[in-house]
Amino acid sequence: MSRDTSGQSAGGAEARRSPEFRPYHHPAAGWGAAKSVSRFLIREGELVDGPRAIQKMNHEGKGFDCPGCAWPDDLKGLKLDICENGIKHVTWEMTRGRVDPAFFAAHTVTELAAWSDAALEAQGRLTHPMRYDADTDTYVPVSWQDAFDLVGRTLRGLDDPGEAAYYTSGRLGNEATFLYQLMARELGTNNLPDCSNMCHEASGRALQAALGTGKGTVDLKDWEATDALFIMGVNAASNAPRMLTSLAEAYKRGAQIVHINPLVEAAARRTIIPHDFVDMALNRSTPTSTLNLQPRIGGDMALLRGMAKAILAEAEHRPQALDRQFIDRHTTGFEAYRALCESTSWEEIERQSGLGRDRVEAAARVYCDADRSIFSWCLGVTQHEHGVDTIREIVNVLLLRGNLGREGAGPSPVRGHSNVQGNRTCGIDHRPSKEFLDRLAEACGIDPPREHGLDTVATIEAMRRGEVKVFVGMGGNFALAAPDTAYTFEALRGCELTVQVSTKLNRSHLVHGRQALILPCLGRTEKDMQKSGEQSTSVEDAMSMVHLSTGMKKPASPHLLSEPAIIAGMARAALPDSATPWESYVEDYDRIRDTMAGALDGFEDFNRRVRLPLGFRIKQPARELVFLTPSGRAEFSAAPLPDVVPAAGTLKLGTMRSHDQWNTTVYSDDDRYRGIKNLRTLVFMNEDDMRERGLSLFDEVDITSIAKDGTTRSLYGYKAVPYDIPQGCAAGYMPEMNVLCAIGDYSTQSDQPLMKNVTVTVNPAGAPGDR
Ligand SMILES: Nc1nc2c(c(=O)[nH]1)N[C@H]1C(S)=C(S)[C@@H](COP(=O)(O)OP(=O)(O)OC[C@H]3O[C@@H](n4cnc5c(=O)[nH]c(N)nc54)[C@H](O)[C@@H]3O)O[C@H]1N2
Ligand SMILES: Nc1nc2c(c(=O)[nH]1)N[C@H]1C(S)=C(S)[C@@H](COP(=O)(O)OP(=O)(O)OC[C@H]3O[C@@H](n4cnc5c(=O)[nH]c(N)nc54)[C@H](O)[C@@H]3O)O[C@H]1N2
Ligand SMILES: [Mo]
0 MSRDTSGQSA GGAEARRSPE FRPYHHPAAG WGAAKSVSRF LIREGELVDG PRAIQKMNHE
60 GKGFDCPGCA WPDDLKGLKL DICENGIKHV TWEMTRGRVD PAFFAAHTVT ELAAWSDAAL
120 EAQGRLTHPM RYDADTDTYV PVSWQDAFDL VGRTLRGLDD PGEAAYYTSG RLGNEATFLY
180 QLMARELGTN NLPDCSNMCH EASGRALQAA LGTGKGTVDL KDWEATDALF IMGVNAASNA
240 PRMLTSLAEA YKRGAQIVHI NPLVEAAARR TIIPHDFVDM ALNRSTPTST LNLQPRIGGD
300 MALLRGMAKA ILAEAEHRPQ ALDRQFIDRH TTGFEAYRAL CESTSWEEIE RQSGLGRDRV
360 EAAARVYCDA DRSIFSWCLG VTQHEHGVDT IREIVNVLLL RGNLGREGAG PSPVRGHSNV
420 QGNRTCGIDH RPSKEFLDRL AEACGIDPPR EHGLDTVATI EAMRRGEVKV FVGMGGNFAL
480 AAPDTAYTFE ALRGCELTVQ VSTKLNRSHL VHGRQALILP CLGRTEKDMQ KSGEQSTSVE
540 DAMSMVHLST GMKKPASPHL LSEPAIIAGM ARAALPDSAT PWESYVEDYD RIRDTMAGAL
600 DGFEDFNRRV RLPLGFRIKQ PARELVFLTP SGRAEFSAAP LPDVVPAAGT LKLGTMRSHD
660 QWNTTVYSDD DRYRGIKNLR TLVFMNEDDM RERGLSLFDE VDITSIAKDG TTRSLYGYKA
720 VPYDIPQGCA AGYMPEMNVL CAIGDYSTQS DQPLMKNVTV TVNPAGAPGD R
């Protein structure tokens, strides 16, 4: 494949300054974060409104949910339970910049396509619905009604409802989510790809199979009560910064904290809790780790297997290392798992995990010494071929010591987008269960399709084959977030119609179908007025708490509609004879919630309970030791260890976020906690791997990925950075590196793209045979 022609250029405003790398030795959060926030507020011109909005964020009573990550709110309604990245996120939505019809008239799409992604987003908020005009190659204003009619007409003209796909990015509120899936299903398709297909699909599948529930079972109270935390494959200081508070508090109470990550991230060192004024004033930091383990990329499962092996060995002379009573009463499959652990050699465990036996045993010792343990994980565990097996192995280890269904113990996936978990709960699922569809049919009087729909990768492939002709994106930036940039671009460009419901200009507006619409919506911080008055929407956090979010800012433009209103408008146009009261739902979201109460398990009495001060928690059967599995018990798995050792001459590359970005939105070219300034086109490498290739700091390299089917994809002129990462492993930034992720390289277990497990060669730039 030739040089990347996706039109992407890495980076934000500082792209031309010279790169710097100085390993970071300060605590996470604290004054560094405070400084970064104030710089950001000044840059965005939000010194007054910004702080006022932040006050309203995430706290008990009336306010809006942080549109950032899905970490739960402080249980005491702490007003200052906010973080640097949440502040950036809110301020980003409140920018004063506007992308209006005059802007679009002044720039053709071809011209905009040459702009960097950062430059596109930096223009500010979208103000009017716009339609692509091929004659002038520009977006031109369109009335809402004409936009809806275009969608309706095109959808009605399809030969089959499965020729359309309906994407969501995980910040859509529950009420809009419910309407969106209702629209798709009433139209006759389960084609509901979502960002979760790239994120935690593996967690859902593994937990469902093992415990009969697709979610974690613990909440913040458990985090406060646990004796040992195992934090796997998450860069918490950047991506779930409020976890730092929990880690510091755990440390102060004497809990053990084990970080498992090829990189020693900032959260695995020390932090200054930003709202602890005494610690802030004294610049006093708290450690957030008691043990750091650096497995090779993909080596987590072998590490867990080794821990289990060590626990079983320990139980031979100390029976209480196992919770036999729990195992006998609540689980199946233990003997097969025990036999598998015993037959897996230490040699194999060391080779596959990349860790010495003593390190694995040290982790097992921490685990055995703790009465209550929590395992928490994110993308470092999920975006792999064997992500499902690895998460089931986490559950296996938990089950061995009965770490389930009691305070301070259990699995705790760190979800991504603020409402990605709520999206799934409220019906965004391309593989809905029969029970879900039966209830939906009854509560809404529709006849939903029963066959499975398409997920993210399958949608791209179907668009590329011409089988999906209409793509609707409810938020997000599909073109850049999805794997195989060049392939995904071609797929989108082959569509008859692409519709993007967005707040800001992004790449997905410029990589469009024959016809295209940009439909601008209210952001979460903004006031949503409908016929019955001001509306709130609900969201669910990563620990299954559902609460209301109420915007308070004047909308960025009077022409914006709310997401429920846009969905209802499209639905009415596409389904003129629908008996669903679309207009009435939009007048008063309580009406949507009343229907949801009948349609969704756990949402009984929704309107009342969601107004309780902290909202309510969706019941978790596994938490009560009720397992909705075929056996009625928690199920041990016994999967063989995969071979994750890179072939000679290749490295395993993991793509990840910098500190200063939100998925496809890049705020700057800095990655403070990793010591990087002014550089995104980099690859972190082990020093020995660099030496072998004759590389030193900032030397230019070409990176070529080798897909399962043997095809290759390349990025040129990246800069090598020596880093504390195991040999054979490399890391760099998404979304730029999506160019390297082949469309066919997704997990056979979860269908997730292998974004943390790309086989690459790295060579000095322009080396012979490289291009
Ligand atoms: N500020 C900010 N917050 C965010 C986001 C954001 O972009 N910006 N994105 C949100 C979303 S949608 C999500 S899903 C989450 C993502 O949160 P994370 O999962 O933290 O996301 P990544 O940056 O992809 O980082 C993954 C981590 O996995 C590690 N890793 C890589 N390979 C392996 C492996 O094989 N094993 C182990 N154990 N670790 C590995 C990397 O070193 C890195 O620390 O964050 C959410 N929060
Ligand atoms: N290589 C690689 N690729 C990855 C990943 C990885 O780790 N490595 N991670 C994957 C993961 S976990 C995820 S979740 C995806 C992220 O994929 P997406 O969720 O699709 O991408 P985002 O960058 O979060 O989307 C940003 C856009 O959302 C729109 N937006 C913001 N707020 C709102 C709102 O309130 N309403 C609406 N309608 N639109 C809004 C704005 O227009 C903005 O440009 O990327 C995936 N891609
Ligand atoms: Mo995500």
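Numbering (numbering that gives the first Met the number 0), first residue to last: 0 to 770.
C-beta: ideal position from N, C-alpha, C; glycine also.
Query, Result
"According to DSSP, simplified to helix, strand and coil, what is Thr758?", "strand"
"Please classify Gln351 as buried or exposed, where buried requires at least 16 other C-beta atoms within 10 Å of its C-beta.", "buried"
"Any chance you could list the residues with Cβ under 5 Å from a heavy atom of ligand 3, keeping chain order?", "Cys198 and Gly415"
"Taking C-beta to C-beta, are Leu439 and Pro447 nearer than 8 Å?", "yes"
"Out of Gly96, Arg204 and Arg364, which has the shortest C-alpha to C-alpha gap to Gln319?", "Arg364"
"Report the start-end ranges of each beta strand (DSSP E) in the segment 473 to 510 that is 3 residues or longer and not cut off at the edges.", "496 to 501"
"At a cut-off of 7 Å, is Lys553 close to ligand 2 when judged by its beta-carbon and the heavy atoms of the ligand?", "no"
"Should the segment 321 to 340 be called in touch with the segment 281 to 299, which here means at least 3 C-beta pairs below 8 Å?", "no"
"Using three-state DSSP, classify Val738 as helix, strand or coil.", "helix"
"So, under 8 Å CB-CB, Ser749 and Gly232 are touching, yes? Tell me the CB distance rounded to an integer number of Å.", "15 Å between Cβ atoms; not a contact."
"In the segment 78 to 136, which residue ranges form an unbroken alpha helix (DSSP H) of at least 4 residues, counting only runs that do not cross its ends?", "83 to 92, 100 to 105, 108 to 112 and 116 to 120"
"With 16 as the cutoff for other CB atoms within 10 Å, does Thr135 come out buried or exposed?", "exposed"
"Inspect the beta-carbon positions of Ala265 and Tyr672 and report whether they are closer than 8 Å.", "yes"
"If you compare alpha carbons, which of Ala239, Leu714, Thr502 and His511 is closest to Thr94?", "Thr502"
"So which of Pro128, Ser713, Val36 and Ala113 has the shortest CA-CA distance to Asn84?", "Val36"
"So, using beta-carbon positions, are Ala729 and Leu650 closer together than 8 Å?", "yes"
"With 16 as the cutoff for other CB atoms within 10 Å, does Pro563 come out buried or exposed?", "buried"
"Quick check: what's the CA-CA separation for Asp370 versus Trp91?", "43 Å"
"What is the DSSP secondary structure of Met0, counted as helix, strand or coil?", "Low confidence applies here, because Met0 scores a pLDDT of 36, under 50, leaving its location unreliable and the question unanswered by this model."
"Given a threshold of 16 other Cβ atoms within 10 Å of its Cβ, counted over all protein chains shown, does Asp80 qualify as buried or as exposed?", "With a pLDDT of only 49 at Asp80, under the threshold of 50, the placement of this residue in the model should not be trusted; the figure read from the coordinates follows. Buried, since its Cβ has 16 or more Cβ neighbours within 10 Å."
"Which stretch, first to last residue, makes up the beta strand (DSSP E) that contains Trp376?", "Ser372 to Trp376"
"Can you tell me which residues form a DSSP beta bridge with Phe229?", "Val257 and Phe374"
"From Lys78 to Met279, what distance separates their C-alpha atoms?", "Model confidence at Lys78 stands at a pLDDT of 37, short of 50, so the residue's coordinates are unreliable; what they give is reported in the following sentence. Computed Cα separation, rounded: 17 Å."
"Which of the three DSSP states, helix, strand or coil, is assigned to Thr458?", "helix"
"Under 8 Å, do Gly297 and His199 count as touching if we go by C-beta distance?", "no"
"Per DSSP, what are the beta-bridge partners of Thr331 in this structure?", "Glu634"
"Judging by CA-CA distance, which residue of Met569, Leu311, Leu399 and His316 is the nearest neighbour of Asp327?", "Leu399"
"Quick check on Cys198: does DSSP put it in helix, strand or coil?", "coil"
"What do you reckon, is the C-beta of Met93 under 7 Å from a heavy atom of ligand 2?", "no"
"For a test of the three-state rule: what should DSSP assign to His416, helix, strand or coil?", "strand"
"Counting contacts by CB-CB distance shorter than 8 Å, is Val419 in contact with chain C?", "This model lacks chain C altogether; it includes just one protein chain."
"With DSSP collapsed to three states, give me the class of Leu624.", "coil"
"In three-state terms, what does DSSP make of Val644?", "coil"
"Between Val233 and ligand 1, is the CB less than 7 Å from at least one heavy atom?", "yes"
"What I want to know is whether the C-beta of Pro448 ends up closer than 7 Å to one or more non-hydrogen atoms of ligand 1.", "no"
"Is Trp114 near ligand 1, going by C-beta to nearest heavy atom under 7 Å?", "no"
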